[in-house]
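Heads up: the structure comes next, in structure tokens.
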Amino acid sequence: MRRALVPITLVTLALVGVQLSIFSSLRFSGVVVMIVWLWPLVVGLAGLTSLSIWTAVISGVFFDTHSMSPFGLTAVVGVALAYSASRLGKEGVGDLDSAAWWVTPAIAAVGGFLAPVLYVVGGFFELSFSLGKSSLVQTMVVNALAFAVLSRPLSRVARLAGGFAARARR
Numbered sequence: 000m001r002r003a004l005v006p007i008t009l010v011t012l013a014l015v016g017v018q019l020s021i022f023s024s025l026r027f028s029g030v031v032v033m034i035v036w037l038w039p040l041v042v043g044l045a046g047l048t049s050l051s052i053w054t055a056v057i058s059g060v061f062f063d064t065h066s067m068s069p070f071g072l073t074a075v076v077g078v079a080l081a082y083s084a085s086r087l088g089k090e091g092v093g094d095l096d097s098a099a100w101w102v103t104p105a106i107a108a109v110g111g112f113l114a115p116v117l118y119v120v121g122g123f124f125e126l127s128f129s130l131g132k133s134s135l136v137q138t139m140v141v142n143a144l145a146f147a148v149l150s151r152p153l154s155r156v157a158r159l160a161g162g163f164a165a166r167a168r169r
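Now the structure itself:
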């Protein structure tokens, strides 16, 4: 884990920069795609439990520091996604080599579908009632589709940053 901590942290910070500079201003049907939630999920699917929680905390805190969101709420949603995905990753469910090609995008789509709900519910408990202004269903669908499309490429990056070399096929 120590060997992978530096590359995972650097990729996490780079993805937070991409989120803040590109994806936060790029909207699909008025919805921002949250890469800072997808990244901990795919790191968890790689089976790196502690690193996935680390990426969720780092990406959430840095994103919340630079955006108009309740501080720490993005990190809490990321930790929930990372931990649940890491349980599946430890069992090899979302493994890119042994699972069917559609499993990782399907798991990511479910995560992208549930993440906005967790965010709005968490905002309710944090007494921030302005989080549900836009259409929640639209946010859920757009994030689910984006997570499904981006999950396999980001899973490859997570495996490389986590120290897992792709197995040679013979």
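Heads up: the sequence shown at position 88 corresponds to 87 in numbering that gives the first Met the number 0, and the numbers run straight through without jumps.
For each residue, glycine too, the CB sits at the ideal point set by N, CA and C.
Owing to the predicted nature of the structure, the values given are computational and were not obtained by experimental measurement.
- Task: Return the Cβ separation of Gln137 and Val30 in integer angstroms, given the expectation that the two are a contact with Cβ distance under 8 Å.
- Result: Counting from 1 along the sequence shown, the entry for residue 137 is found at position 138. Counting from 1 along the sequence shown, the entry for residue 30 is found at position 31. With 8 Å as the limit, Gln137 and Val30 qualify as a contact, their Cβ atoms being about 6 Å apart.
- Starting from Arg26, follow its DSSP beta bridges and name the residues at the other end. Taking the sequence shown and counting its residues from 1, the one referred to as residue 26 is at position 27. Paired residue(s): Val31.
- Query: Going by other Cβ atoms of all chains shown within 10 Å of its Cβ, with 16 needed for buried, is Trp101 buried or exposed?
  - Reply: What you label residue 101 is simply residue 102 of the sequence shown in a count that begins at 1. With fewer than 16 other Cβ atoms within 10 Å, it is exposed.
- Expected contact under 8 Å - CB spacing of Gly46 and Ala81 to nearest Å: Position 47 of the sequence shown, counting from 1, holds the residue named residue 46. Position 82 of the sequence shown, counting from 1, holds the residue named residue 81. At roughly 12 Å, the Cβ-Cβ gap does not stay under 8 Å, so Gly46 and Ala81 are not in contact.
- Answer yes or no: do Ala74 and Ala105 have a C-beta to C-beta separation smaller than 8 Å? Here residue 74 refers to the residue found at position 75 when the sequence shown is read from its first residue. Here residue 105 refers to the residue found at position 106 when the sequence shown is read from its first residue. It is not a contact, given that the beta carbons lie outside the stated cut-off.
- Query: Of the choices Gly161, Ser20, Leu50, whose alpha-carbon is the least far from that of Ser66?
  - Reply: Taking the first residue of the sequence shown as position 1, residue 66 is located at position 67. Ranking the options by Cα distance to Ser66, first place goes to Ser20.
- Do Leu72 and Asp63 have their C-beta atoms within less than 8 Å of each other? Locating residue 72 in the sequence shown gives position 73, counting from the first residue. Locating residue 63 in the sequence shown gives position 64, counting from the first residue. Closer than 8 Å, so yes.
- 8 Å Cβ cutoff met for Val156 and Ala107: The residue labelled residue 156 in the question sits at position 157 within the sequence shown. The residue labelled residue 107 in the question sits at position 108 within the sequence shown. Cβ distance not < 8 Å, so Val156 and Ala107 don't count as in contact.
- Message: Let me confirm a value: Leu37 is counted as buried when at least 16 other C-beta atoms fall within 10 Å, else exposed. Which label applies?
- Response: For the purposes of this step, residue 37 is identified with residue 38 of the sequence shown, where counting begins at 1. Buried.
- Which residue's Cα is closest to the Cα of Val148: Thr11, Gly16, Pro6, Met33? In the sequence shown, residue 148 corresponds to position 149, counting from 1. Of the candidates Thr11, Gly16, Pro6, Met33, the one whose C-alpha sits nearest the C-alpha of Val148 is Met33.
- Within its chain, find whatever has a CB closer than 8 Å to the CB of Gly172; leave out the 5 residues flanking it on each side and keep chain order. No answer is possible for residue 172: it lies beyond the span of the chain, which begins at 0 and ends at 169.
- Query: Closest to Leu117 by CA distance: which of Phe22, Arg1, Gly77, Ser23 is it?
  - Reply: For this step, residue 117 is matched to residue 118 along the sequence shown. Among Phe22, Arg1, Gly77, Ser23, the Cα nearest to that of Leu117 belongs to Gly77.
- Query: Whose C-alpha, out of Val119, Ala79, Ala114, is nearest the C-alpha of Val141?
  - Reply: Counted from its first residue, the sequence shown places residue 141 at position 142. It is Ala114.
- My guess is that Ala145 and Gly111 are in contact by the Cβ rule of under 8 Å, so how many angstroms apart are they, rounded? Taking the first residue of the sequence shown as 1, we reach residue 145 at position 146. Taking the first residue of the sequence shown as 1, we reach residue 111 at position 112. 6 Å between Cβ atoms; contact.
- What first and last residue would you give for the alpha helix (DSSP H) that runs through Gln137? Here the question's residue 137 lines up with position 138 in the sequence shown. Run containing Gln137: 135-160, per the alpha helix (DSSP H) assignment.
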